[in-house]
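For reference, the structure is listed below as structure tokens.
Numbering (this note's numbering), first residue to last: 231 to 352.
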């Protein structure tokens, strides 16, 4: 399945969330790590057989008396794009955000699911 599901990383992003791509019996699942990103700052859309995840992690407001000694966290916009295989039903894609992880479920098309063929006695 990995050859049919190629990941393309957006190049204009300040950062890109790490993702896992899994295959279950009926679905492909993408899990993206986006801690610190508000749910309403994330977009999931399908365009021309491409799944696009985008969003923005905003820096927390600081007061005038704040002095930073080290900054390692990354802020800004991100974009991740994934070419969908022809064996999925893009119209039924769902997304859920929980504990900093965005999970996108991509159902396989009915014709792509394995099925058992009954053998009739002649």
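Ideal Cβ placement from N, Cα and C applies to all residues, glycine included.
Going by other Cβ atoms of all chains shown within 10 Å of its Cβ, with 16 needed for buried, is residue i buried or exposed?
i, result
"residue 244", "exposed"
"residue 301", "exposed"
"residue 259", "exposed"
"residue 289", "exposed"
"residue 247", "buried"
"residue 269", "exposed"
"residue 332", "buried"
Between residue i and residue j, what straight-line distance do the alpha-carbon atoms span, to the nearest angstrom?
i, j, result
"residue 324", "residue 334", "6 Å"
"residue 292", "residue 266", "16 Å"
"residue 338", "residue 351", "32 Å"
"residue 314", "residue 261", "15 Å"
"residue 311", "residue 294", "39 Å"
Measuring CA to CA, which of the options is closest to residue i?
i, options, result
"residue 272", "306, 348, 317", "306"
"residue 340", "249, 247, 256, 246", "256"
"residue 200", "336, 350, 294", "Nothing can be reported for residue 200: it is not among the residues displayed for the chain, which extend from 231 to 352."
"residue 281", "345, 346, 321", "321"
Any contact between the stretch 296-305 and the stretch 267-285? By contact I mean 3 or more CB pairs, one from each, below 8 Å. Segments in contact, no.
Quick check on the DSSP output: what are the complete beta strand (DSSP E) runs of length 3 or more inside the stretch 308-336, in order along the chain? Listed in chain order, they are 324-328.
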